[in-house]
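Undergrad: Can you read through this structure? Questions will come right after.
Protein chains: 2
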Amino acid sequence: MKGARGRRAVIMIPIGLLAILVGSVAPAFSREEKKAEAFSPYVDSTGKISLPTGFREQWAYLGTWVVPDPKDPATGVHDVFTQPDSVIAYKKDGRFPDGAVLVKEIRNVQADQMTTGKAHYAQKMVHWFVMIKDSKGRFPDNPNWGDGWGWALFKPDDPSKNASTSYQSDCLPCHVPAKSDDWIYVRGYPTLR
Amino acid sequence: MKGARGRRAVIMIPIGLLAILVGSVAPAFSREEKKAEAFSPYVDSTGKISLPTGFREQWAYLGTWVVPDPKDPATGVHDVFTQPDSVIAYKKDGRFPDGAVLVKEIRNVQADQMTTGKAHYAQKMVHWFVMIKDSKGRFPDNPNWGDGWGWALFKPDDPSKNASTSYQSDCLPCHVPAKSDDWIYVRGYPTLR
Chain A
21 MKGARGRRAV IMIPIGLLAI LVGSVAPAFS REEKKAEAFS PYVDSTGKIS LPTGFREQWA
81 YLGTWVVPDP KDPATGVHDV FTQPDSVIAY KKDGRFPDGA VLVKEIRNVQ ADQMTTGKAH
141 YAQKMVHWFV MIKDSKGRFP DNPNWGDGWG WALFKPDDPS KNASTSYQSD CLPCHVPAKS
201 DDWIYVRGYP TLR
Chain B
21 MKGARGRRAV IMIPIGLLAI LVGSVAPAFS REEKKAEAFS PYVDSTGKIS LPTGFREQWA
81 YLGTWVVPDP KDPATGVHDV FTQPDSVIAY KKDGRFPDGA VLVKEIRNVQ ADQMTTGKAH
141 YAQKMVHWFV MIKDSKGRFP DNPNWGDGWG WALFKPDDPS KNASTSYQSD CLPCHVPAKS
201 DDWIYVRGYP TLR
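Those sequence lines, one after another, are chains A and B.
Heads up, the first sequence is in this note's numbering, so the first residue is 21 and it goes up one at a time.
Heads up, the second sequence is in this note's numbering, so the first residue is 21 and it goes up one at a time.
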């Protein structure tokens, strides 16, 4: 652990310098673009959401939902991740901070009969859901933003494209039972307790 | 993310200094104690294993096993974590490095009927299994070490004590089907692929 933290610290310094240099030599960014950039590295100035990478190895894991029955619409293993800072903030006041990102990775569920029981686990990638907390209603004209969040769906055949065209029809319906918890099923996330 | 890393970097320096100071003013540690300390912060000089903390927030998540049936001996949600460095090493050569720690946190399984299917998720803490990779056979006389690993079980009523008295009877039997993968059920861990 110490080795990893040491290396991260060493890497942080050049990135910090780079950010200052880019900021000073590239004033061509519009004010709006800078605002969006400051808000989230996964959101452009129009509210277009991109899929984070490295979350399985580097982010905090919140919890898993397993829907074993292949006949159920949500069948699969749903692993949920967020940034480590978002966990720290949530534990303080029970709210996801502005810019918090939740990634739900959904994979096929496989079940093996073991001596100790029938064990279900994740296999092939199905798709990813992404939510980005927006406390300021930044993109009122973008149909994938509203109710305090940006909403996205990414499929493995084109992970560069948000496949949702409207969060109200493509995302929100399944979150209605969690409305009182800011649309998040926190009861399945022991890391937040 | 940047904030957390920055804070970690700041904290690392005093810890590094402290280690140097302790090393120079406290030569009373035996050579054997120093050796065990260098091997793992979770293992003392006799091979006594302690339960890591903070792994849900700070370590890498490997995957989950869900055994939904309450009549099955292993019923529950089994979340598995390791150090971020161990994931990097495993991805290089398909082996857990010396000192790698695997923590399996087992919680009661809860199932809710949702509009999209019956969703299983983790609730109350049951216990933790811990395995620590030992490529050098460091503790031949300790009954919780062998077959390349240290083995431990911690219960919530006394998480300071390894409840396993012998890995061969308390731990190994359930791992026999995974013997060819160095006793680890890697097929359930997408983070390693």
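Every residue gets a Cβ at the ideal spot worked out from N, C-alpha and C, and that includes glycine.
Just how far apart, CA to CA, sit W169(A) and Q143(A)?
TA: For W169(A) and Q143(A), the distance between alpha carbons rounds to 29 Å.
Undergrad: Excluding the five sequence neighbours on either side, which residues of its own chain have a C-beta within less than 8 Å of the C-beta of F116(A), listed in chain order?
TA: Excluding sequence neighbours, F116(A) sits near T102, S106, A109, Y110, L122, K153, D202, I204.
Undergrad: What residues of chain A sit near V206(B), judged by a beta carbon separation below 7 Å?
TA: Going along chain A, no residue has its Cβ under 7 Å from V206(B), so there is no contact; the nearest lies around 11 Å.
Undergrad: Starting from W85(A), find everything on chain B with Cβ-Cβ shorter than 8 Å and list it in chain order.
TA: What W85(A) touches in chain B: A139, H140, Y141.
Undergrad: Would you tell me roughly how many angstroms separate the C-alpha atoms of T211(B) and V146(B), rounded to the nearest one?
TA: For T211(B) and V146(B), the distance between alpha carbons rounds to 24 Å.
Undergrad: Quick one: Cα of S200(A) to Cα of W165(B), how far?
TA: Whole-angstrom Cα-Cα distance: 49 Å.
Undergrad: At least one CB of chain A closer than 8 Å to the CB of R115(B): is that the case?
TA: False, the Cβ-Cβ gap to chain A never drops below 8 Å.
Undergrad: Excluding sequence positions up to five away, which residues of its chain have a Cβ less than 6 Å from the Cβ of S70(A)?
TA: Closer than 6 Å at the Cβ level, and outside the excluded window around S70(A), lie Y62.
Undergrad: Quick check on the DSSP output: the beta strand (DSSP E) that includes A139(A) runs from which residue to which?
TA: Here the beta strand (DSSP E) through A139(A) covers 137 to 153.
Undergrad: Going straight from the alpha carbon of K181(A) to that of D118(B), what length do you get?
TA: Rounded to whole angstroms, K181(A) to D118(B) spans 41 Å at the Cα level.
Undergrad: Use the C-beta contact count for G67(B): other C-beta atoms within 10 angstroms, 16 or more gives buried, fewer gives exposed.
TA: With 16 or more Cβ atoms within 10 Å of its Cβ, G67(B) is classed as buried.
Undergrad: My guess is that A120(B) and V150(B) are in contact by the Cβ rule of under 8 Å, so how many angstroms apart are they, rounded?
TA: Incorrect: roughly 11 Å between the Cβ atoms, too far for contact.
Undergrad: On the three-state DSSP scale, how would you describe R76(A)?
TA: R76(A): helix per DSSP, three-state reduction.
Undergrad: Grouping DSSP H, G and I as helix and E and B as strand, with all else coil, what is F59(B)?
TA: The answer is helix: DSSP assigns F59(B) an H, G or I state.
Undergrad: Keeping to the same chain, check which residues put their C-beta closer than 7 Å to that of Y209(A); ignore five residues upstream and five downstream.
TA: Result list for Y209(A): L82, G83, V100, in chain order.
Undergrad: Going by alpha carbons, who is nearest to P72(A) out of S65(A), D89(A), K124(A)?
TA: Of S65(A), D89(A), K124(A), the residue nearest in Cα terms is K124(A).
Undergrad: Would you call the CB atoms of A58(B) and A94(A) closer than 8 Å?
TA: It is not a contact, given that the beta carbons lie outside the stated cut-off.
Undergrad: Which term fits P160(A), buried or exposed, when burial requires 16 or more other beta carbons within 10 angstroms of its beta carbon?
TA: P160(A) comes out exposed.
Undergrad: Expressed to the nearest angstrom, what Euclidean distance is found between the alpha-carbon atoms of V87(A) and K112(B)?
TA: Going from the Cα of V87(A) to the Cα of K112(B) covers about 32 Å.
Undergrad: Mind checking if Q188(B) is an interface residue toward chain A, Cβ cutoff 8 Å exclusive?
TA: It does not; no Cβ of chain A falls within 8 Å.
Undergrad: Between which two residues does the beta strand (DSSP E) holding K91(B) run?
TA: Segment: none, K91(B) is in no beta strand (DSSP E) and carries neither H nor E.
Undergrad: Is the Cβ of V97(A) closer than 8 Å to any Cβ of chain B?
TA: Closer than 8 Å to some Cβ of chain B, the Cβ of V97(A) qualifies, so yes.
Undergrad: Would you mind sorting P193(B) into buried or exposed? The rule is 16 or more other CB atoms within 10 Å of its CB.
TA: The residue in question, P193(B), is exposed, as its Cβ has fewer than 16 Cβ neighbours within 10 Å.
Undergrad: Where does K175(A) sit, in a helix, a strand or coil, going by DSSP?
TA: The answer is strand: DSSP assigns K175(A) an E or B state.
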